[in-house]
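I have placed the structure first, in the form of structure tokens, so that the comments after it can refer back to it.
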Amino acid sequence: MYRQQGAPAEIFNECWSQIHKARYALPAPETINFYVQPGDGHDDFLISLALCGQALTGMIQPAAAQFIRSRRDYEEESRH
């Protein structure tokens, strides 16, 4: 989501305007339809936010920590 401090005012305001004007319908189980009425404006930002949310569901979280074995410099090298 755009932060007001980092986004151009026109983009920030349009994004929030579309969110406020958004409508939704539940046409079938586990299905949601959301939109902005054509007479009220566009829904570009609204749809983009939904696609970002959907894309995040497929992300694999990186490991918080990981053990990396050191590489042996010489074949005969051992730790003992």
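This note's numbering puts the sequence shown at residues 1234 to 1313. Glycine is no exception: its CB is placed at the ideal position from the N, C-alpha and C atoms. All values reported here derive from a predicted model rather than from experimental measurement.
How far does the alpha helix (DSSP H) with residue i in it extend, from its first residue to its last?
{"i": "F1278", "result": "D1277 to T1290"}
Quick one, which of the options has its alpha-carbon nearest residue i's?
{"i": "L1284", "options": "P1260, K1254, N1266 and Q1238", "result": "N1266"}
{"i": "Q1251", "options": "G1272, A1298 and P1262", "result": "G1272"}
Beta-carbon separation of residue i and residue j under 7 angstroms?
{"i": "D1277", "j": "V1269", "result": "no"}
{"i": "Q1237", "j": "F1245", "result": "yes"}
{"i": "A1255", "j": "L1279", "result": "yes"}
Between which two residues does the beta strand (DSSP E) holding residue i run?
{"i": "F1267", "result": "T1264 to Y1268"}
Where does residue i fall in DSSP's three states?
{"i": "A1242", "result": "helix"}
{"i": "P1260", "result": "strand"}
{"i": "S1250", "result": "helix"}
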